[in-house]
Amino acid sequence: MPKTKSLKTVTLPDKLPKILSFLNQKGGAGKSTGAVHTVDWFAQRGYSAILVDADGQQSSSSWLEELELPCKVINDPEALFDELPKLADSYDVVVVDGPGNASEVTKAVLIRSNLVLIPCRDSMIDLASTGKIVQFVRQAKEIRGGMPIAALYLNAVKENTILLREAKEALQSGILPLLSTALPDRQCIKDAPGQGSTVFRMRGSSPKAAAGFYTQLLIEALKLFESES
96 MPKTKSLKTV
106 TLPDKLPKIL
116 SFLNQKGGAG
126 KSTGAVHTVD
136 WFAQRGYSAI
146 LVDADGQQSS
156 SSWLEELELP
166 CKVINDPEAL
176 FDELPKLADS
186 YDVVVVDGPG
196 NASEVTKAVL
206 IRSNLVLIPC
216 RDSMIDLAST
226 GKIVQFVRQA
236 KEIRGGMPIA
246 ALYLNAVKEN
256 TILLREAKEA
266 LQSGILPLLS
276 TALPDRQCIK
286 DAPGQGSTVF
296 RMRGSSPKAA
306 AGFYTQLLIE
316 ALKLFESES
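With this note's numbering applied, the sequence shown corresponds to residues 96 to 324, in that order.
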């Protein structure tokens, strides 16, 4: 079991999800960016973490190669079902970058995940697109007796806008919790894949601020998992 570790004033919960997945049926929601930053976030705190790229585009796996972090491409649902528990036995945390569609791969990931994070942009089209993945999560919870723990979060948002307020109101009325931390729209986050980096490794005040938002988001998600699992 991983030990409690801290960075400055941040202390991780004692109970961590062995398999943490980023899912959304809509491409461009921020799954890959969230998954890669999460793997690097854990790795920089001394945990053994691996990313499983279950997305057919395989954008996160090439990114991980540049970061020199462990990654495995598995986009067959039967292989995912079999391999994810084995990887969980070998690593402290397995992070899954799910496909940009609602498919059998998504269902296989849900059956094996402990914690699922669903990124969503603050547009009406993106908000409407969450319906299918939320349905998949609800069905998995019924089958597995409450697992996986799942939550939505707003990604790449423009701060202090009417649209953001309306998006929060819309998502808060759903069956899954909405994390209070929203990731802001920052150029440094968009630049990270092209630079083969993450905001945790980039210099400057903007990456540092973005890194703070990621840390806040992940700590909130991990505390939710600890309290509900």
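Idealized CB from N, CA, C, for every residue including glycine.
Here DSSP, grouped into helix, strand and coil, assigns Leu162 to helix.
The residue from Lys253, Ser292 and Ala245 with its alpha-carbon nearest to that of Lys318 is Ala245. For Pro302, no beta strand (DSSP E) run applies; the uninterrupted alpha helix (DSSP H) run containing it begins and ends at Ser300 to Glu323, by DSSP.
Annotated three-state conformation of Ile228 is helix, per DSSP. Residue environment for Ile114: buried (at least 16 other C-beta atoms within 10 angstroms of its C-beta).
For Ala203, the enclosing alpha helix (DSSP H) has its first and last residue at Glu199 to Arg207. Contact check for Leu247 and Leu273: beta-carbon distance about 5 Å, within the 8 Å limit, so the pair qualifies. In the three-state scheme derived from DSSP, where H, G and I count as helix and E and B as strand, Pro288 is classed as helix. Among the bridge pairs identified by DSSP, Pro279 is matched with Val252.
Considering only Val232, Val190 and Glu178, the residue with the shortest C-alpha distance to Ser198 is Val232.
Looking only at Lys253, Ser224, Ala203 and Thr310, the smallest Cα-Cα distance to Arg239 is reached by Ala203. CA-CA distance, Asn170 to Val211, rounds to 17 Å. By the Cβ neighbour-count rule, Ala124 is buried, with 16 or more other Cβ atoms within 10 Å of its own.
Contact annotation: the region 270-284 does not touch the region 156-175, with fewer than three C-beta pairs closer than 8 Å. Lys181 carries a helical assignment under DSSP once its states are collapsed to helix, strand and coil. Annotation: the continuous alpha helix (DSSP H) that includes Val134 extends over Lys126 to Ala138. Membership of Val188 in the beta strand (DSSP E) is indicated by the continuous run Val188 to Asp192.
In this structure, Ser292 lies near Glu161, with their beta-carbon atoms less than 9 Å apart. Closest option to Lys121, judged by alpha-carbon separation, among Ile213, Phe320 and Ala316: Ile213.
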